[in-house]
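> These protein sequences, in sequence, are chains A and B. So the first sequence is numbered by this note's numbering: it starts at 6 and just counts up by one. So the second sequence is numbered by this note's numbering: it starts at 240 and just counts up by one. Here you go, one structure.
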Amino acid sequence: AQSVTQPDIHITVSEGASLELRCNYSYGATPYLFWYVQSPGQGLQLLLKYFSGDTLVQGIKGFEAEFKRSQSSFNLRKPSVHWSDAAEYFCAVGLGPQTGANNLFFGTGTRLTVIP
Amino acid sequence: DTAVSQTPKYLVTQMGNDKSIKCEQNLGHDTMYWYKQDSKKFLKIMFSYNNKELIINETVPNRFSPKSPDKAHLNLHINSLELGDSAVYFCASSQEIGRRYGYTFGSGTRLTVV
Chain A
6 AQSVTQPDIH ITVSEGASLE LRCNYSYGAT PYLFWYVQSP GQGLQLLLKY FSGDTLVQGI
66 KGFEAEFKRS QSSFNLRKPS VHWSDAAEYF CAVGLGPQTG ANNLFFGTGT RLTVIP
Chain B
240 DTAVSQTPKY LVTQMGNDKS IKCEQNLGHD TMYWYKQDSK KFLKIMFSYN NKELIINETV
300 PNRFSPKSPD KAHLNLHINS LELGDSAVYF CASSQEIGRR YGYTFGSGTR LTVV
C-alpha cells in the first residue's frame, strides 16, 4: 500500500532560523511529489512539485525541497523563516498511471509555529 | 479573479437538514475534486469528476451526492446532515492528470452541524 508520512506534527522555530519539514513516502516507484501550504482559514496553495529531473526543486516564497530516492524522502527547506510562514504544511504524492489512482494522497500535515 | 471559488465559506445548520456547497473553476481544467478535512487536518478524497463523469467515488455515505452540470462546476449536496459531517470541505481542480500537475484548491467551506 502507498502512504505519505510527515513525522512531525508540530514544529516551532524562531524567526530567521532555518527550517526543514520532513516527508517520506511508501511506493514502489518514484511518485509525483508536492508540498502545499495552508494558512489559517485558507485553502491549500502549491509551494513546489517534483516529477523528474533535478532533485532539488525551487518553489515560491523562498522554499525548496530535495528528492532523495534512497531515503524515499522529499523534505521541504527554507534557509530563513519569516513570521508569515506560520501555517500548516502538507506533503502529497501522485502515483503512476498503472495504479489507476488519479488523485493525490496527502500526509497528515505539519503545523509550523514561528516565534519572534 | 478567483481560480477555484466555493460558496458558502461558512455553513451552520441543524442536524437533519439538507444543504449544498457550490464550486466553480475558471482555469479550464478537466478534473474536479471534493476533499474533506477533519478536525485533525487530515485530507481525504471524496469524489472526482473528469469532464462531468464521475471517476472517483470513495467510501462516503450516500447522503453525499456530487453533481457536475459542466466541467467548470462541481457541487456537493448533503442530505440529512449529521454531527459527524462537521468539517472543512475543499473543492479542487486539475489538468487531466492531476497526480502529475497537482491541484488548485478553493478556500474551503467550513460546515458546522449543530
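Note that the Cβ used here is the ideal one computed from N, Cα and C, for glycine as well.
Where B:LYS306 and B:LYS279 are concerned, what is the direct C-alpha to C-alpha distance, given to the nearest angstrom?
Position 67 of the second sequence holds residue 306 of chain B. Position 40 of the second sequence holds residue 279 of chain B. If I take the Cα positions, the gap works out to 27 Å.
> Alpha carbon to alpha carbon, how far is B:LEU315 from B:ASN289? Give it in angstroms, no decimals.
On the second sequence, position 50 is the one that residue 289 of chain B refers to. On the second sequence, position 76 is the one that residue 315 of chain B refers to. About 15 Å.
> Does the count of Cβ pairs from the region 56 to 73 of chain A and the region 244 to 256 of chain B closer than 8 Å reach three?
No: fewer than three Cβ pairs fall under 8 Å.
> Using the Cβ count rule (16 or more neighbours within 10 Å means buried), how would you classify A:ALA22?
For the purposes of this step, residue 22 of chain A is taken as residue 17 along the first sequence, with counting starting at 1. Classification for A:ALA22: exposed.
> Would you mind reading off the limits of the beta strand (DSSP E) that contains B:PRO308?
By one-based count along the second sequence, residue 308 of chain B stands at place 69. Unbroken beta strand (DSSP E) run through B:PRO308: 303 to 309.
> For A:PRO121, collect the residues of the same chain with a Cβ closer than 8 Å to its Cβ; drop the 5 residues on either side in sequence, then sort them by chain order.
The residue you call residue 121 of chain A lines up with position 116 of the first sequence. Cβ within range, chain order: SER19, GLU20, TRP88.
> Where are the beta strand (DSSP E) runs, 3 residues long or more, that stay fully inside the region 242 to 285 of chain B, in chain order?
With a minimum length of 3 residues, the continuous beta strand (DSSP E) runs that stay inside the region 242 to 285 of chain B are 243 to 246, 249 to 252, 258 to 264, 270 to 276.
> From the DSSP output, in three-state form, read off A:ARG116 for me.
Counting from 1 along the first sequence, the entry for residue 116 of chain A is found at position 111. If DSSP states are grouped into helix, strand and coil, A:ARG116 belongs with the strands.
> Thinking C-alpha only, which one of B:TYR340, B:TYR328, B:GLN334, B:ALA331 is nearest A:GLY99?
Your numbering for residue 99 of chain A matches position 94 in the first sequence. Checked all of B:TYR340, B:TYR328, B:GLN334, B:ALA331; the closest Cα to A:GLY99 is B:TYR340.
> Taking the CB atoms as reference points, tell me whether A:ALA92 and A:VAL42 lie closer together than 8 Å.
Here residue 92 of chain A refers to the residue found at position 87 of the first sequence. Here residue 42 of chain A refers to the residue found at position 37 of the first sequence. Yes. Within cutoff.
> Please work out which residues of its chain come closer than 7 Å, Cβ to Cβ, to B:ASP269, disregarding the five sequence neighbours upstream and downstream, and give them in chain order.
If you number the second sequence from 1, residue 269 of chain B lands on position 30. Cβ within range, chain order: ASN289, ASN290, LYS310, GLN334, GLU335.
> If we define contact as Cβ-Cβ less than 8 Å, is A:LEU49 a contact residue for chain B?
The residue you call residue 49 of chain A lines up with position 44 of the first sequence. Yes - at least one Cβ of chain B is within 8 Å of the one on A:LEU49.
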